[in-house]
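For reference, the structure is listed below as structure tokens.
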């Protein structure tokens with residue numbers, strides 16, 4: 001007999017599910033006044049090796065001076081805030097259509113224990129944050145030998 005495993009969470013790429021999720025998100029955002037998830041930048045989280053990780057956020061059009069990264073209490077927070085005078089200049093500059101989102105944002109990630117931020121780099125609209133997990137020797141798994149007592153049984157012939 002073959003068993004088929006069913007995922008509780010279908011692929012987010014499923015267009016029907018994705019569209020319904022976006023509609024629900026917009027509805028709750030209108031009711032609560034919170035920013036919908038679509039205003040937060042898209043991100044990739046990648047494990048590079050046993051102790052190195054990378055988070056890459058898509059932030060096209062953002063300058064280094066407009067972005068802030070902080071790590072406190074096991075939380076990594078990345079936020080983007082436009083200068084108020086820049087926002088007013090953009091509104092008066094004759095845009096006919098503005099499709100690239102430039103809303104202020106803040107996104108947080110829970111960091112596992114002993115993870116530290118190594119560096120951050122902004123290049124070609126991608127903000128890459130390098131993370132390193134350094135586990136102290138006292139907390140690393142270690143193998144414990146099992147002692148055995150062997151009884152010698154003599155055979156008398």
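Numbering (UniProt numbering), first residue to last: 1 to 157.
From the three backbone atoms N, C-alpha and C, an ideal C-beta is built for every residue, glycine too.
For clarity, every value in this text was computed on a predicted model and none was experimentally measured.
Report the three-state DSSP secondary structure of residue i (helix, strand or coil).
i: residue 65; result: helix
i: residue 100; result: coil
i: residue 27; result: helix
i: residue 72; result: strand
i: residue 40; result: coil
i: residue 137; result: helix
i: residue 144; result: coil
i: residue 48; result: coil
i: residue 94; result: coil
i: residue 121; result: strand
Start and end of the beta strand (DSSP E) containing residue i?
i: residue 114; result: Looking at the DSSP string, residue 114 is not in any beta strand (DSSP E), and its letter there is neither H nor E.
i: residue 129; result: 126-133
i: residue 57; result: 52-58
Would you tell me roughly how many angstroms separate the C-alpha atoms of residue i and residue j, rounded to the nearest one?
i: residue 8; j: residue 48; result: For residue 8, the predicted model reports a pLDDT of 38, less than 50, meaning its position is unreliable; a value from the coordinates is still stated below. For residue 8 and residue 48, the distance between alpha carbons rounds to 28 angstroms.
i: residue 135; j: residue 42; result: 29 angstroms
i: residue 170; j: residue 139; result: The requested residue 170 is not part of the displayed model; the chain covers only 1 to 157.
i: residue 57; j: residue 95; result: 26 angstroms
i: residue 70; j: residue 27; result: 31 angstroms
i: residue 68; j: residue 62; result: 11 angstroms
i: residue 112; j: residue 74; result: 7 angstroms
i: residue 13; j: residue 44; result: Legend: pLDDT at residue 13 = 41, less than 50; position of this residue unreliable, value from coordinates given subsequently. Cα to Cα, residue 13 sits roughly 15 angstroms from residue 44.
i: residue 117; j: residue 133; result: 9 angstroms
i: residue 24; j: residue 110; result: 25 angstroms
i: residue 129; j: residue 46; result: 11 angstroms
Could you check whether the region 61-79 touches the region 102-115, counting it as contact only if at least three pairs of C-beta atoms, one from each stretch, sit closer than 8 angstroms? yes
Hey, is the region 115-127 in contact with the region 140-151, meaning 3+ C-beta pairs nearer than 8 angstroms? no
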